[in-house]
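Participant: The numbering used here applies: residue -11 is where the sequence shown begins, and numbers increase by one.
Ideal Cβ placement from N, Cα and C applies to all residues, glycine included.
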Amino acid sequence: MIDGGFPNVDVKKGESLEFYHSVCPVFYYKGKQKHDIWGNIEKALIGYSSNKKIRFKAASGGALTEICCYLLENKKVDAIIHTTYDPDDQTKTISCVSTTVEEVISRCGSRYGISVPLKDILQIVQSDKKYAFVGKPCDVMALRRYLNKNEKLTKNIIYLLSFFCAGEPSVNAQDELLKKMGTSRQGCDTLVYRGNGWPGFTTVNTKDGRELKMEYKVAWGQYLGRDIRYICRFCMDGTGELADIVCADFWQLDNNNHPDFSEHEGRNIIIARNELGKQLLDATVKSGRINVEEDFTTKIDSEFYLYQPAQLKRKGTMKTTITAMKLCRRDTPKYSKSFLNKYASHVDLKVKFDFFIGIIKRVIKGRL
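(1) Any idea what DSSP makes of I69, helix, strand or coil?
(2) Would you mind stating whether Y36 and G276 have Cβ atoms separated by less than 8 Å?
(3) Put D77 into one of helix, strand or coil per three-state DSSP.
(4) What residue does the alpha helix (DSSP H) around F343 start on, and which one ends it?
(5) Per DSSP, which residues does W186 bridge with? Please list them.
(6) Under 7 Å Cβ to Cβ from V104, same chain only, skipping five residues before and after it: list those, please.
(7) Do I257 and E54 have their C-beta atoms within less than 8 Å of each other?
(8) Is DSSP giving M129 helix, strand or coil here?
(9) Within the same chain, show all residues whose beta-carbon is closer than 7 Å to that of M(-11), passing over the 5 residues directly before and after it, in chain order.
(10) In the stretch 76 to 161, which residue ranges form an unbroken alpha helix (DSSP H) of at least 4 residues, counting only runs that do not cross its ends?
(11) Span of the beta strand (DSSP E) holding D283?
(12) For I69 versus S48, is the C-beta spacing smaller than 8 Å?
(13) Whose C-beta lies closer than 6 Å to the C-beta of Y58 among residues of the same chain, with five residues either side of it excluded?
(14) In or out: S290 buried (at least 16 other Cβ within 10 Å) or exposed?
(15) So is I347 buried or exposed if we call it buried at 16+ other beta carbons inside 10 Å?
(16) Can you tell which of D177, I29, A231 and D242 has its C-alpha closest to the C-alpha of Y124?
(17) Given a threshold of 16 other Cβ atoms within 10 Å of its Cβ, counted over all protein chains shown, does G209 qualify as buried or as exposed?
(18) Taking the C-alpha atoms as reference points, what is the distance between L337 and Y295?
(19) Only counting runs of 4 or more residues, tell me where the alpha helix (DSSP H) segments fall wholly within the stretch 157 to 240, in order along the chain.
(20) When the distance is taken between beta carbons, is T79 closer than 8 Å to L179?
(21) Let me know the secondary structure DSSP gives F(-6) once reduced to three states.
What follows is the structure in structure tokens.
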């Protein structure tokens, strides 16, 4: 383990790095693109679960849960490989295999703890079974690249599903959050980061019988999102570019066209990245599991930045981040200059300048 509680790859002496370079998501890879900064998009729908209980319980609109339920109910796969809470420590996660709709629903919702869903996947997958995998964008990118080199597994792992991600909070961030809420990991019985509304409250039930709540925008904005895995700060894919389908919050907008994090009924943007994903999305909608508000496909380039400004800003300022870090003689990932330049064109000069100064200040203060 390294600082923050994150797992580290143990490269043995003399071991070739070729394998790591070929699958590691740090070595950013993009397939053929129709929309440069948002990744490939075959179809994008605004929608939510038609089941009111799932829509309420889920982190946002419940669309990803419904897609998984559709796959199991219609025997498209035998199981869903995904992540749930660790019963021994609510701030941590474990990989799980759901084979029933009931299991999927019971395990739905965001987990902001450290997760390593690919660690045991080769032991989980059985040669006579078919699976869908749900993971962070970096998990999906690594698995997709691995499958490209190990085609035998593609007959078993049929679907790759993901969600938008803004970084993986550290153990320290979890501890600070719980401390502010009035408890600790040892005193925490259950921890729900969001859901039971949209976005819902971060809710802790303690072992001594208390229920503690904090607004999601405070929990993420002031605690969890402030201390994330170091490499997450250089992430070029928080939007699941190599997934078959990726789901995200499609926030309501306030009077200034900024995301509104006050409570509403949940809804997703559901993006099919390829033809396989499009077929699955269409079939799930046709089954009645997802209610569709709008086909957003043609509006992605012109309007989507309003609903997910942080994702656009992260990619658009990546060139600025890397330039500032290099100026401070810090190591950075080696990304394609053409991608960096293209993405930078989406963000205005003042934003990039402010970001540059912010990076320098954080390095000087020892926070980067």
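Facilitator: Result, derived from the coordinates:
(1) Sequence index remark: in the sequence shown, residue 69 carries index 81 (1-based). Three-state DSSP puts I69 in a strand.
(2) The residue labelled residue 36 in the question sits at position 48 within the sequence shown. The residue labelled residue 276 in the question sits at position 288 within the sequence shown. Note that the C-beta distance between Y36 and G276 is not below 8 Å.
(3) Your numbering for residue 77 matches position 89 in the sequence shown. The answer is strand: DSSP assigns D77 an E or B state.
(4) For the purposes of this step, residue 343 is identified with residue 355 of the sequence shown, where counting begins at 1. Note, F343: alpha helix (DSSP H), L337 to I352.
(5) Locating residue 186 in the sequence shown gives position 198, where the first residue counts as 1. Per DSSP, H252.
(6) Position 116 of the sequence shown, counted from the start, is the residue given in the question as residue 104. Sequence-distant Cβ neighbours of V104 in its own chain, meaning closer than 7 Å and more than five residues away, are P(-5).
(7) Locating residue 257 in the sequence shown gives position 269, counting from the first residue. Locating residue 54 in the sequence shown gives position 66, counting from the first residue. Annotated as distal: I257 and E54, with beta-carbon spacing of 8 Å or more.
(8) The sequence position of residue 129 within the sequence shown is 141, counting from 1. Reduced to three states, the DSSP call for M129 is helix.
(9) In the sequence shown, the residue the question calls residue -11 occupies position 1. Interpretation of M(-11) is limited by its pLDDT of 47, a score under 50 that renders its predicted location unreliable; no figure is taken from the coordinates.
(10) For the alpha helix (DSSP H) assignment, the uninterrupted runs of no fewer than 4 residues enclosed by the stretch 76 to 161 are, from N- to C-terminal side, 89 to 94, 109 to 112 and 125 to 137.
(11) Taking the first residue of the sequence shown as 1, we reach residue 283 at position 295. Bounds of the beta strand (DSSP E) holding D283 are I278 to D283.
(12) Here the question's residue 69 lines up with position 81 in the sequence shown. Here the question's residue 48 lines up with position 60 in the sequence shown. Going by C-beta atoms, I69 is not nearer than 8 Å to S48.
(13) For this step, residue 58 is matched to residue 70 along the sequence shown. Residues T272, S275 and R277 of the same chain have their beta carbon placed closer than 6 Å to that of Y58, with the five preceding and five following residues left out of the count.
(14) To locate residue 290, count along the sequence shown from 1; it is residue 302. Looking at its Cβ environment, which holds fewer than 16 other Cβ atoms inside 10 Å, S290 is exposed.
(15) Counting from one through the sequence shown, the residue named residue 347 turns up at place 359. Buried.
(16) Position 136 of the sequence shown, counting from 1, holds the residue named residue 124. Here the sequence assigns Lys to residue 124, which means Tyr is not the residue at that position. Considering only alpha carbons, the answer is A231.
(17) Along the sequence shown, read from residue 1 onward, the residue named residue 209 stands at position 221. Exposed: under 16 other Cβ atoms inside 10 Å.
(18) As a first step, residue 337 must be located in the sequence shown, where it is residue number 349. As a first step, residue 295 must be located in the sequence shown, where it is residue number 307. Taking the straight line joining both Cα atoms gives about 21 Å.
(19) The qualifying runs are 159 to 169.
(20) In the sequence shown, residue 179 corresponds to position 191, counting from 1. In the sequence shown, residue 79 corresponds to position 91, counting from 1. Between L179 and T79, the gap from beta carbon to beta carbon is short of 8 Å.
(21) Locating residue -6 in the sequence shown gives position 6, where the first residue counts as 1. The answer is coil: DSSP assigns F(-6) none of H, G, I, E or B.
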